[in-house]
Amino acid sequence: MGTGRNSSSQDTKQRLVDGVLEVVRQQGITAVSARSVAGAAGANQALVFYHFGTVEELVAQACISATEARVALYRDRFAAVATVGELLALGRDIRTAERAEGNLAVLAQTLAGAQGSERLAEATREALGKWITEVRTALERVLEGSPLAELADPDGLAHAVSTGFLGLTLFDTVDPGGAEQAVAALEQLAVLVDVLDGLGPVATRAVRAKLRKSRLS
1 MGTGRNSSSQ
11 DTKQRLVDGV
21 LEVVRQQGIT
31 AVSARSVAGA
41 AGANQALVFY
51 HFGTVEELVA
61 QACISATEAR
71 VALYRDRFAA
81 VATVGELLAL
91 GRDIRTAERA
101 EGNLAVLAQT
111 LAGAQGSERL
121 AEATREALGK
131 WITEVRTALE
141 RVLEGSPLAE
151 LADPDGLAHA
161 VSTGFLGLTL
171 FDTVDPGGAE
181 QAVAALEQLA
191 VLVDVLDGLG
201 PVATRAVRAK
211 LRKSRLS
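For the sequence shown, the UniProt record's numbering begins at 1 and goes up steadily by one.
Now the structure itself:
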């Protein structure tokens, strides 16, 4: 009997999580309230406070759990990436798919709400960190042995790429052409990196020496 109650409780919590995600995707973070979430979930609004304590906590947990579910879908593709170009191509696919699903909007909206909430700031960091971890792991693998490995910081690059794609989601609404230009520019850089990785041993040594000199100067 206890198992049945637990199952019902988990079902209600999931409905509330799905409800708040629907509100955020369709109307934005400013439209989130116990009433709007309950309406989307088909539940009593008192259950928001019973299960999560506050509406803010519900948004935080929904952002983290939704991001984890989406990242999990792409783990195998991240693991198969062999070049920087392939990584950025995967990033473009993810951006297109997640934008269509409204999932990048959830992160972007939570980020907007985080400006006045430490809890939402913490949740956004944790959620974005799930993407950053996958990107960093892929970068460490594809840059290993590259002339750029001594100069590049995979962790810093992972943060830059991941936050950049999130920022482009916001930019899309005001200048979609500019957002597309930014992605194209990143892809051009990826082509350059892949060309450098394809150089012969003599040219690679010359590039390494030049990069070391540049770093020390």
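By construction, the Cβ of each residue, glycine as well, lies at the ideal position given by its N, Cα and C atoms.
query, result
"Among Leu139, Leu104, Glu56 and Ala69, nearest to Ala80 - alpha-carbon criterion", "Leu139"
"Val174, buried or exposed, once every other Cβ within 10 Å from all chains shown has been counted against 16", "exposed"
"Endpoints, alpha helix (DSSP H) assigned at Glu126", "Glu118 to Leu143"
"Between the CA atoms of Gly167 and Gln14 - distance to the nearest angstrom", "28 Å"
"Every unbroken alpha helix (DSSP H) inside the segment 62 to 113 [4 residues or more]", "84 to 101 and 103 to 113"
"Inter-stretch contact at 8 Å, needing at least 3 Cβ pairs: the segment 95 to 107 / the segment 42 to 50", "no"
"Test item: CB-CB of Leu128 and Ala62 under 8 Å", "no"
"Beta-carbon gap between Leu87 and Glu187 smaller than 8 Å", "no"
"Alpha-carbon to alpha-carbon, Thr124 and Phe78", "21 Å"
"Span separating the alpha-carbon of Thr83 from that of Phe49", "47 Å"
"Simplified DSSP assignment, three categories, for Thr54", "coil"
"Best match in Thr96, Ala160, Arg119 and Ala100 for proximity to Val55 [C-alpha to C-alpha]", "Arg119"
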